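In this note's numbering, the protein residues as written are 2 to 165.
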């Protein structure tokens, strides 16, 4: 795969599409390509994460339970795995296993930090997008909590029934 192909792949990832073209070019140039066979483990749940992976081809199964049950999610081309690891130290929440011959691009956290340090508009765009997602997530959690609280509330005007 050439640099232009790598650029196209990265630009199709929603979060990375917010990055300025020259910054994206630096990330694409430095990204490591990894080829996986069906059954290869990309990473294991609990491992320290030092960056993220973009699925270029194939399918990667994510399993958070490691108990042999069906995968929680199947990542297809254009999916960013380990987004949090691009920005902060964390551990992998799931094991990732290639379901079929696949390729991924790895972006190291240190590289992402350096590039965003050189491209403040890109850093701000990513910051704003992640902040908006966190706000939306918080609001969704509030709505879920309100629904649960309403379902557990005693009907108005009725005394609790004696369970004895």
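Think of the CB as a built atom: it goes at the ideal place given N, C-alpha and C, for glycine as much as any other residue.
Bear in mind that the values here come from a model prediction, so they are computed numbers and not experimental data.
Which residues mark the beginning and the end of the alpha helix (DSSP H) in which residue i is found?
i, result
"residue 130", "121 to 153"
From which residue to which residue does the beta strand (DSSP E) around residue i run?
i, result
"residue 95", "Taken as a continuous stretch (DSSP letters only), residue 95 belongs to no beta strand (DSSP E), as it is neither H nor E."
Which partner residues does residue i have in the DSSP bridge list?
i, result
"residue 105", "35, 56"
To the nearest angstrom, how far is the alpha carbon of residue i from that of residue j?
i, j, result
"residue 140", "residue 131", "14 Å"
"residue 112", "residue 93", "19 Å"
"residue 61", "residue 154", "43 Å"
"residue 81", "residue 24", "17 Å"
"residue 51", "residue 143", "32 Å"
"residue 30", "residue 17", "14 Å"
"residue 127", "residue 151", "36 Å"
"residue 67", "residue 28", "32 Å"
Problem set entry | Every unbroken alpha helix (DSSP H) within the segment 5 to 90, with a cutoff of 4 residues, ordered by chain | 22 to 31
Problem set entry | At least 3 beta-carbon pairs within less than 8 Å: the segment 51 to 59 vs the segment 8 to 16 | yes
Problem set entry | Sufficient close CB pairs (3 or more, under 8 Å) joining the segment 144 to 154 to the segment 85 to 96 | no
For this session: Decide if the segment 118 to 128 is in contact with the segment 94 to 105; the criterion is three or more beta carbon pairs, one per stretch, under 8 Å apart.
Result: no
Exercise. On the three-pair Cβ rule with 8 Å, is the segment 35 to 42 touching the segment 97 to 104?
Worked result: yes
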